[in-house]
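Enquirer: Pasting a structure here, questions to come.
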Amino acid sequence: MGFKWADLFRFRKTPKSFTREVKSPNGRLVCEVSVMDGRVSYALRKDGKTLVNKSYLGMNLRGEKTLGYNLGAVRSQTKTVNEKWKATWGEAREIVNHYNELTVYLSEQTEDARMFTLRFRAFDDGLAFRYEIPPQPKFQRLTISDELTEFNIDNNALAWQIPAYQPDRYEYNYTRKPVYELVHSVHTPTTIELPTGHYLAIHEAALYNYGSMTLRLDQNHALKADITPLSDGMRAYVDLPFNTPWRVLMVGEAAIDLTTNRMVLNLNDPPHGDFAWVKPIKFIGIWWAMFVGEWTWAPGARHGATTEHTKQYIDACTRLGIPGLLVEGWNNGWEGDWLQNGATTDFLHPMPDFDIDEVAKYAAEKGVSLVGHHETVGFIDNYEKQMEEAYKFYSDHGIKYIKPGYANSRMTVNGRKEFHHSQIGVRHYQKALELAAKYHICLDVHEPIKGTGIERTYPNLLSREGARGQEYEGGALSPSHATILPFTRLLAGGMDYTSGILDVTNYTKRMATTIARQLAYFVTIFSGMQMAADRPVFYEQKYPDLYKFIRDVPVTWYQTKPLLGRIGEYYVVARQADNGDWFLGGVTNEEGHRTRINLDFLDQGINYEAEIYRDGETAHYRENQLSYVVESKRVSSRDFLDLWMAPGGGFAVRLKKL
Ligand code: NOJ
Numbered sequence: 000m001g002f003k004w005a006d007l008f009r010f011r012k013t014p015k016s017f018t019r020e021v022k023s024p025n026g027r028l029v030c031e032v033s034v035m036d037g038r039v040s041y042a043l044r045k046d047g048k049t050l051v052n053k054s055y056l057g058m059n060l061r062g063e064k065t066l067g068y069n070l071g072a073v074r075s076q077t078k079t080v081n082e083k084w085k086a087t088w089g090e091a092r093e094i095v096n097h098y099n100e101l102t103v104y105l106s107e108q109t110e111d112a113r114m115f116t117l118r119f120r121a122f123d124d125g126l127a128f129r130y131e132i133p134p135q136p137k138f139q140r141l142t143i144s145d146e147l148t149e150f151n152i153d154n155n156a157l158a159w160q161i162p163a164y165q166p167d168r169y170e171y172n173y174t175r176k177p178v179y180e181l182v183h184s185v186h187t188p189t190t191i192e193l194p195t196g197h198y199l200a201i202h203e204a205a206l207y208n209y210g211s212m213t214l215r216l217d218q219n220h221a222l223k224a225d226i227t228p229l230s231d232g233m234r235a236y237v238d239l240p241f242n243t244p245w246r247v248l249m250v251g252e253a254a255i256d257l258t259t260n261r262m263v264l265n266l267n268d269p270p271h272g273d274f275a276w277v278k279p280i281k282f283i284g285i286w287w288a289m290f291v292g293e294w295t296w297a298p299g300a301r302h303g304a305t306t307e308h309t310k311q312y313i314d315a316c317t318r319l320g321i322p323g324l325l326v327e328g329w330n331n332g333w334e335g336d337w338l339q340n341g342a343t344t345d346f347l348h349p350m351p352d353f354d355i356d357e358v359a360k361y362a363a364e365k366g367v368s369l370v371g372h373h374e375t376v377g378f379i380d381n382y383e384k385q386m387e388e389a390y391k392f393y394s395d396h397g398i399k400y401i402k403p404g405y406a407n408s409r410m411t412v413n414g415r416k417e418f419h420h421s422q423i424g425v426r427h428y429q430k431a432l433e434l435a436a437k438y439h440i441c442l443d444v445h446e447p448i449k450g451t452g453i454e455r456t457y458p459n460l461l462s463r464e465g466a467r468g469q470e471y472e473g474g475a476l477s478p479s480h481a482t483i484l485p486f487t488r489l490l491a492g493g494m495d496y497t498s499g500i501l502d503v504t505n506y507t508k509r510m511a512t513t514i515a516r517q518l519a520y521f522v523t524i525f526s527g528m529q530m531a532a533d534r535p536v537f538y539e540q541k542y543p544d545l546y547k548f549i550r551d552v553p554v555t556w557y558q559t560k561p562l563l564g565r566i567g568e569y570y571v572v573a574r575q576a577d578n579g580d581w582f583l584g585g586v587t588n589e590e591g592h593r594t595r596i597n598l599d600f601l602d603q604g605i606n607y608e609a610e611i612y613r614d615g616e617t618a619h620y621r622e623n624q625l626s627y628v629v630e631s632k633r634v635s636s637r638d639f640l641d642l643w644m645a646p647g648g649g650f651a652v653r654l655k656k657l
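Under numbering that gives the first Met the number 0, the sequence shown has 129 at position 130, and the numbering climbs by one with no breaks.
Written out as structure tokens, the structure is:
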């Protein structure tokens, strides 16, 4: 039986101070919640060592007194949940959700007597909590001008971070900084190396109808939630009842432990509806040819998305065994400087040289799924006016996947400029996702809101960009970037990194990788929509031996086992396909790295054929990108694989049961 707020009036006299502990199921992680001198706080320790010092909670509200003073805890409750659930797609089929929960009901000990609840969940690998505010006689909607949540950790800890509120959204290089330098806000997940040796990733789960959380030091020198403001400076306008997103602290003994932390998914609801129609997909695209300057999005002699090119690419899909094809630059709005056309972009009318009926019919005949494209340039009012009709238009043409884009430094809404990660942005992305679900359309969102696990509830959200991806190659990506992402951005869910660009030495868009490493990304960077991003000629004619791995690697996994990793240095992961085969991926930074992989995770007593795609001994991401070796070996669970990763290199391995 849940606690009813009406019962509260029976508990008028509340004690002056209150302290409760909630422990993780294995008892090692302990969260202490206390109410003292009218203020509520929490602290977190593991095995007796402090990870988070006493941290205060509360909210500033416009036109009201701060919520968080003169509080008394009127009641608390505990419960334990231990369940397993099945994911329809993802990095693991089965997910364990095991936590102890402490709910603390608070009321102001003043005439106002405003009330709210704090719900804490202690998992073996982290802590989460959120605010829950019920409607009350004098308190039915609120304007949150600041959330006062603190994460008061040792300021000498080192944080892997990207800056928030910047024109390129989440698309920055991660750097490691002491927490005491975080005077400007940073995005989450922020991954922190604590002086105790523990790793902490601060993030949020189930972000709905609220500004997204960034972090910065407050005037008390504690790390604090800085909720992305709207253009009027407010953080969120909400009607009660309202629950904030979960504030999440993932805890690992080693950095690699964080990479299989499933709290963010566990803190989201099961699917809202039947999503059996959702299918992860691998796709190529009329895309990289534009980046390297062979074709254009805009109409003209080099226009990419013509009927003829699209049919050629559909034929390439059938030859390559690739089920999907993205077509960018098919609609009106790409003339001239397309970044300037966002207010009038038209999502309903193809350019004259793109016959969508003919193309859709041809794709259907060949069994290829088209991936539609909507570049909104962040003009969400223009987009929302057309959105339903545009989804229906695609759906009527049998198109079940869309890549929407929001390439702009801000969103434009009724002439106002808003952050993509503000409450207005969050609401828009949600509206688009729910509408897409109505039309049975899956999304791969570029320039998205960060992942907070809502793909558990809306599995048609198959992927997002939301970090610097390979589009930035040609100068702006370093080899270490892909060794940092698994410990930072990828804790927020899958990413469309646009992997598999084998034209690594292209003079306009040179990759800071060896060629073998391009295959590794299909394993190291999970994505429910996995793009093989290069032009078909590089797969069919130039490197059919390397392409074989791209064809064979699955998109979604039965289970994932991270093997080795140090943030910024190297990362090696093993993932098992539904048929029992295993795939390995490894990437390293500019130094190069020799790895010895223990194959003890393979089924015992069975031989496997290891198809290895690795760097040549003299490979190097600048000087010798094209040196690679494809070889095969017979191995079993008793063997080790010694694999060399060149500077800026990597490897991919398929372990096939014999
Ligand atoms: C930015 C996206 O990230 C990219 O993939 C797309 O091609 C361009 N916008 C054009 O929409």
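The C-beta atom is built at its ideal place from N, Cα and C for all residues, glycine as well.
Since this is a predicted model, take the numbers as computed values, not measurements.
#1: Measuring alpha carbon to alpha carbon, tell me which of Lys365, Trp294 and Arg261 ends up nearest Arg318.
#2: Quick check: what's the CA-CA separation for Tyr171 versus Thr189?
#3: What runs of the beta strand (DSSP E), each 3 residues or longer, lie entirely inside the segment 16-54?
#4: How long is the line joining the alpha carbons of Ser184 and Ile161, rounded to whole angstroms?
#5: Looking at the strands, I want to know which residues DSSP matches up with Gly585.
#6: Would you say Trp286 touches ligand 1, meaning its beta carbon is less than 7 Å from a heavy atom?
#7: Just curious, the beta strand (DSSP E) that Lys560 is in, first and last residue?
#8: By the three-class DSSP mapping on this structure, what secondary structure does Tyr98 have?
#9: Is there at least one non-hydrogen atom of ligand 1 closer than 7 Å to the beta-carbon of Ala406?
#10: Kindly list the residues whose CB is nearer than 6 Å to the CB of Lys223, restricted to its own chain and excluding five residues on each side of it in sequence; keep chain order.
#11: Out of Leu583, Val629, Ser635 and Gly272, state which residue places its alpha-carbon closest to the alpha-carbon of Gly661.
#12: Can Leu206 and Val425 be called in contact, C-beta distance under 8 Å?
#13: Name the residue from Tyr169, Thr559 and Ala389 whose alpha carbon lies nearest to the alpha carbon of Ile255.
#14: CA-CA distance, His419 and Pro403?
#15: Assess contact between the segment 372-386 and the segment 329-342, defined as three or more Cβ pairs (one per stretch) separated by less than 8 Å. Is contact present?
#16: Please report the residue range of the beta strand (DSSP E) in which Trp245 lies.
#17: From the DSSP output, in three-state form, read off Val554 for me.
#18: Under the DSSP definition of a beta bridge, which residues are partnered with Leu484?
#19: So, is His439 buried or exposed, given that buried needs 16 or more other C-beta atoms within 10 angstroms?
#20: For Met35, is the classification buried or exposed, using 16 other Cβ atoms within 10 angstroms of its Cβ as the cut-off for buried?
#21: Quick check: the Cα distance between Phe548 and Cys441, rounded to an integer number of angstroms?
#22: Under a three-way DSSP split, which group does His420 fall into?
#23: On the criterion of 16 or more Cβ atoms from any shown chain inside 10 Å, does Val130 qualify as buried, or is it exposed?
#24: By the 10 Å Cβ neighbour count, where 16 or more other Cβ atoms means buried, how is Tyr176 classified, buried or exposed?
#25: Tell me the residue span of the beta strand (DSSP E) that contains Lys278.
#26: If I measure Cβ to Cβ from Pro658 and keep anything under 7 Å in the same chain, skipping five residues before and after, which residues do I get?
#27: Can you tell me which residues form a DSSP beta bridge with Leu216?
#28: For the segment 36-51 and the segment 63-82, state whether three or more C-beta atom pairs, one from each stretch, are separated by less than 8 Å.
#29: Run the proximity test for His445: is its beta-carbon closer than 7 Å to any non-hydrogen atom belonging to ligand 1?
#30: Just the C-alpha distance for Thr309 and Val182, rounded to the nearest angstrom, thanks.
#31: Rounded to the nearest angstrom, what separates Thr65 and Arg593 at their Cα positions?
#32: For a test of the three-state rule: what should DSSP assign to His308, helix, strand or coil?
#33: I'd like the ranges of any beta strand (DSSP E) spanning at least 3 consecutive residues and lying wholly in the segment 107-168.
#34: Starting from the Cα of Tyr428, find the closest Cα among Leu545, Ile453, Met530 and Gln139 and give me that residue.
#35: Within 7 Å: the Cβ of Glu357 and any heavy atom of ligand 1?
#36: Since Phe650 and Leu657 are thought to touch, with beta carbons under 8 Å apart, how far apart are those beta carbons, to the nearest angstrom?
Expert: Taking the structure as given:
#1: In the sequence shown, counting from the first residue as 1, residue 318 sits at position 319. Residue Lys365 is the option with its Cα nearest to Arg318.
#2: Position 172 of the sequence shown holds residue 171. Position 190 of the sequence shown holds residue 189. Roughly 13 Å between the two C-alpha positions.
#3: Segments of the beta strand (DSSP E) lying fully in the segment 16-54: 17-22, 28-35 and 38-45.
#4: For the purposes of this step, residue 184 is taken as the residue at position 185 of the sequence shown. For the purposes of this step, residue 161 is taken as the residue at position 162 of the sequence shown. So the two alpha carbons sit approximately 9 Å from each other.
#5: Residue 585 sits at position 586 when you count from the first residue of the sequence shown. The partner list for Gly585 (beta bridge, DSSP) reads Val571 and Phe650.
#6: The residue you call residue 286 lines up with position 287 of the sequence shown. The answer is yes for Trp286.
#7: Stepping through the sequence shown from its first residue, residue 560 is reached at position 561. It spans Gln558 to Arg565 - the beta strand (DSSP E) in which Lys560 sits, taken as one unbroken run.
#8: For the purposes of this step, residue 98 is identified with residue 99 of the sequence shown, where counting begins at 1. DSSP places Tyr98 in strand when its eight states are reduced to three.
#9: For the purposes of this step, residue 406 is taken as residue 407 along the sequence shown, with counting starting at 1. Judged by the Cβ position, Ala406 qualifies as a neighbour of ligand 1 at the 7 Å threshold, a heavy atom of the ligand being closer than this.
#10: Taking the sequence shown and counting its residues from 1, one reaches residue 223 at position 224. Correct list, in chain order: Glu149 and Asp217.
#11: Outside the displayed range of the chain (0 to 657) lies residue 661, so it cannot be described from this structure.
#12: For the purposes of this step, residue 206 is taken as the residue at position 207 of the sequence shown. For the purposes of this step, residue 425 is taken as the residue at position 426 of the sequence shown. The answer is yes: Cβ separation under 8 Å.
#13: Along the sequence shown, read from residue 1 onward, the residue named residue 255 stands at position 256. Considering only alpha carbons, the answer is Thr559.
#14: Taking the sequence shown and counting its residues from 1, the one referred to as residue 419 is at position 420. Taking the sequence shown and counting its residues from 1, the one referred to as residue 403 is at position 404. If you take the alpha carbons of His419 and Pro403, they lie about 13 Å apart.
#15: Two segments are said to touch when three or more pairs of C-beta atoms, one from each, lie closer than 8 Å; by this definition the segment 372-386 touches the segment 329-342.
#16: Sequence index remark: in the sequence shown, residue 245 carries index 246 (1-based). It spans Trp245 to Gly251 - the beta strand (DSSP E) in which Trp245 sits, taken as one unbroken run.
#17: To locate residue 554, count along the sequence shown from 1; it is residue 555. In the displayed model, Val554 falls within coil according to three-state DSSP, outside both helix and strand.
#18: If you number the sequence shown from 1, residue 484 lands on position 485. Note: Leu484 sits in no beta bridge, so no partner.
#19: Stepping through the sequence shown from its first residue, residue 439 is reached at position 440. The residue is exposed, with fewer than 16 neighbouring Cβ atoms inside 10 Å.
#20: The residue given as residue 35 occupies position 36 in the sequence shown. Answer is exposed; the Cβ neighbour count stays below 16.
#21: Residue numbering aside, residue 548 sits at position 549 when the sequence shown is read from its first letter. Residue numbering aside, residue 441 sits at position 442 when the sequence shown is read from its first letter. In this model, Phe548 and Cys441 are separated by some 25 Å (Cα to Cα).
#22: Position 421 of the sequence shown, counting from 1, holds the residue named residue 420. Coil.
#23: Reading the sequence shown from its first residue, position 131 is the one you call residue 130. Before going on, a small fix: residue 130 reads as Tyr here, not Val. Buried is the call here.
#24: Residue mapping note: residue 176 aligns to position 177 of the sequence shown, counting from 1. It is Lys, not Tyr, that sits at residue 176 in the sequence shown. Counting the other Cβ atoms within 10 Å of the Cβ of Lys176 gives fewer than 16, which makes it exposed.
#25: Translated into the one-based positions of the sequence shown, residue 278 becomes position 279. Run containing Lys278: none; DSSP gives neither H nor E here.
#26: Absent from the structure is residue 658, since the part of the chain shown begins at 0 and ends at 657.
#27: Position 217 of the sequence shown, counting from 1, holds the residue named residue 216. Under the DSSP definition of a beta bridge, Leu216 partners with Leu222.
#28: Flag = yes, the segment 36-51 and the segment 63-82 touch.
#29: As a first step, residue 445 is located in the sequence shown; it is residue number 446 there, counting from the start. In this structure, His445 has its CB closer than 7 Å to one or more heavy atoms of ligand 1.
#30: On the sequence shown, residue 309 is found 310 positions in, with the first residue counted as 1. On the sequence shown, residue 182 is found 183 positions in, with the first residue counted as 1. Cα-Cα distance, rounded: 49 Å.
#31: On the sequence shown, residue 65 is found 66 positions in, with the first residue counted as 1. On the sequence shown, residue 593 is found 594 positions in, with the first residue counted as 1. So the alpha carbons of these two residues sit roughly 55 Å apart.
#32: As a first step, residue 308 must be located in the sequence shown, where it is residue number 309. Helix.
#33: 114-122, 125-132, 140-146 and 157-160, all fully within the segment 107-168.
#34: As a first step, residue 428 must be located in the sequence shown, where it is residue number 429. Measuring C-alpha to C-alpha distances from Tyr428 to each of Leu545, Ile453, Met530 and Gln139 identifies Ile453 as the nearest.
#35: Position 358 of the sequence shown, counting from 1, holds the residue named residue 357. False, no ligand heavy atom lies under 7 Å from that Cβ.
#36: The residue you call residue 650 lines up with position 651 of the sequence shown. The residue you call residue 657 lines up with position 658 of the sequence shown. With a Cβ gap of about 21 Å, Phe650 and Leu657 do not count as contacting.
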